[in-house]
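Position one of the sequence shown corresponds to residue 1 (the numbering used here), numbered consecutively onward. Below is one structure, written out as structure tokens, with a few remarks after it.
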Amino acid sequence: MSLPTPLRRASFGALGLVGVLAFAACSTDAEPASVETEATVVEETVYPVTIVNCGADLTIDAEPESVLTIGTSAVALVDAAGASDRIVARAGEFGADLPAGLSNPPEDVEIVDPSDPAIEAIVGTEADIIVGYGLFNASDDDVAAAGIPNVVIDGECSHDAALTDKTDFEAIFADVQRLGTVFDTSETAEANVAAMRAEVDALSDVDTSQNEGESAAVVYYFFDGATMSARGGQGIADDVLARAGFENVYGDEPSVYLEANIETLLDADPHTIVLAYGLYGESFDEALALFLAEPGAENLTAVEEDRVIGVLASDLAPDPGAVRGLEQVLVGTGAIEG
Numbered sequence: 001m002s003l004p005t006p007l008r009r010a011s012f013g014a015l016g017l018v019g020v021l022a023f024a025a026c027s028t029d030a031e032p033a034s035v036e037t038e039a040t041v042v043e044e045t046v047y048p049v050t051i052v053n054c055g056a057d058l059t060i061d062a063e064p065e066s067v068l069t070i071g072t073s074a075v076a077l078v079d080a081a082g083a084s085d086r087i088v089a090r091a092g093e094f095g096a097d098l099p100a101g102l103s104n105p106p107e108d109v110e111i112v113d114p115s116d117p118a119i120e121a122i123v124g125t126e127a128d129i130i131v132g133y134g135l136f137n138a139s140d141d142d143v144a145a146a147g148i149p150n151v152v153i154d155g156e157c158s159h160d161a162a163l164t165d166k167t168d169f170e171a172i173f174a175d176v177q178r179l180g181t182v183f184d185t186s187e188t189a190e191a192n193v194a195a196m197r198a199e200v201d202a203l204s205d206v207d208t209s210q211n212e213g214e215s216a217a218v219v220y221y222f223f224d225g226a227t228m229s230a231r232g233g234q235g236i237a238d239d240v241l242a243r244a245g246f247e248n249v250y251g252d253e254p255s256v257y258l259e260a261n262i263e264t265l266l267d268a269d270p271h272t273i274v275l276a277y278g279l280y281g282e283s284f285d286e287a288l289a290l291f292l293a294e295p296g297a298e299n300l301t302a303v304e305e306d307r308v309i310g311v312l313a314s315d316l317a318p319d320p321g322a323v324r325g326l327e328q329v330l331v332g333t334g335a336i337e338g
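Here it is, written out as structure tokens:
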């Protein structure tokens, strides 16, 4: 079986990872049966295959040849699993750019709806399967009746409506492996997980003692003029902050996304603020201007002491881009060089 090229990722020369990643990202020759390495045995998928999908079983009857992705995280995860060449339609990206570092970016693939697709648009793609953050303008019954399996990203589960476990980097790795099983591309998925794990381990070993005991918050705007939102304790942003040495001021909130406001941020007055930008195509400067226009924002310690770090929102999502998000937070705090 011919396998796609493993995921391309930015090199972390300052951390001495180039050699490690070059080794980890090399896939072995394809074999007709299982492929064994020192770390794992990779089995070919036998269909029908049943996976756990946000707490419920989902059976895929045959190998999917065409995919509708909903959201940029779906694109990144399918790419890391080695199946982005099967993406035939995209939706739910809300004007955001495609994630960086994709092996096979689906740049020419039609965006059938920039927001949440309805069942008519979904069926019209003629995709064998959906991978995305969940359905909001269509129902599970709709897609089931159309015979289209709907694989929901583990770290989203319909924008955390059904999320019970905290999403960390291990959950992202498991999601790549799960999609490798779905698409029978486990060899590529495992190689990419090994590469990502090496990056995360090296970044997590960086000295962050300067942040010990300090707090931070991740805030963002879903669109121009929206109320300020924040990342709670259930999502990958919480793990990113923890690995950078911070305590998330919204970490006790049992959700991934929450509507916050400037008053709660002023009360917490975090040492560092991570401003996630690009959700609707805005630049960091545009997002920062929106943030600084909040009443009292100029009185925040992080603003006064120039500790507002810009990170692409797509790099603080439950997908491989979170590795870049962790790196950018570490760069922003001076723990590593940019």
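Every residue gets a Cβ at the ideal spot worked out from N, C-alpha and C, and that includes glycine.
Whole-angstrom distance between residue j and residue i, CA atom to CA atom
i: alanine 118; j: isoleucine 70; result: 11 Å
i: alanine 138; j: glycine 213; result: 45 Å
i: valine 52; j: tyrosine 133; result: 15 Å
i: phenylalanine 183; j: alanine 276; result: 31 Å
i: aspartate 315; j: glycine 124; result: 30 Å
i: tyrosine 257; j: alanine 81; result: 26 Å
i: glutamate 187; j: glycine 92; result: 29 Å
i: aspartate 207; j: tyrosine 47; result: 46 Å
i: aspartate 165; j: proline 149; result: 23 Å
i: serine 215; j: proline 99; result: 28 Å
i: serine 204; j: leucine 330; result: 10 Å
i: valine 308; j: phenylalanine 94; result: 25 Å
i: valine 240; j: serine 84; result: 26 Å
i: glutamate 298; j: leucine 266; result: 10 Å
Residue nearest to residue i in terms of C-alpha spacing, selected from the options
i: glutamine 328; options: Ala237, Pro254, Ile130; result: Ala237
i: valine 151; options: Tyr257, Gly101, Thr59, Pro270; result: Thr59
i: glutamate 253; options: Ile148, Gly235, Ile262; result: Gly235
i: proline 318; options: Thr167, Pro105, Phe291; result: Thr167
i: leucine 312; options: Thr264, Asn299, Asp285, Leu292; result: Asp285
i: isoleucine 130; options: Ser73, Gly101, Phe291, Leu266; result: Ser73
i: phenylalanine 169; options: Thr185, Thr181, Gly147, Ala195; result: Ala195
i: leucine 77; options: Val240, Ala171, Val218; result: Ala171
i: aspartate 79; options: Ala189, Arg231, Glu43; result: Ala189
i: glutamate 247; options: Ala226, Pro270, Gly55, Val88; result: Pro270
i: leucine 292; options: Gly278, Gly321, Ile262; result: Ile262
Per DSSP, the bridge partner or partners of residue i
i: alanine 216; result: Asn248, Thr272
i: alanine 174; result: According to DSSP, alanine 174 bridges with nothing at all.
i: aspartate 57; result: Val52
i: valine 67; result: Ile87, Ile129
i: arginine 231; result: Tyr257
Three-way DSSP call (helix, strand, coil) for residue i in this model
i: valine 109; result: coil
i: isoleucine 336; result: coil
i: alanine 226; result: coil
i: threonine 50; result: strand
i: aspartate 184; result: coil
i: threonine 72; result: helix
i: phenylalanine 23; result: Below a pLDDT of 50, predicted positions are generally treated as unreliable, and phenylalanine 23, at 31, falls in that range; no measurement from the model is reported.
i: alanine 242; result: helix
i: alanine 62; result: coil
i: valine 42; result: strand
i: valine 206; result: coil
i: glutamate 36; result: For glutamate 36, the pLDDT reaches just 45, beneath the cut-off of 50, and the residue's location in the model is therefore unreliable, leaving the point undetermined.
i: threonine 28; result: Residue placement at threonine 28 cannot be trusted, given a pLDDT of 36 that sits under 50; what the coordinates show is reported in the next sentence. In the structure shown, threonine 28 sits in coil (DSSP, three-state: anything other than H, G, I, E or B).
* **4 or more residues per run - each alpha helix (DSSP H) lying fully within the segment 251 to 325** => 262 to 268, 284 to 292, 301 to 304, all fully within the segment 251 to 325.
* Asked: For the segment 75 to 158, which segments carrying the alpha helix (DSSP H) assignment without a break, of at least 4 residues, lie completely within its bounds, in sequence order?
  -> Qualifying alpha helix (DSSP H) stretches, in chain order: 119 to 124, 140 to 145.
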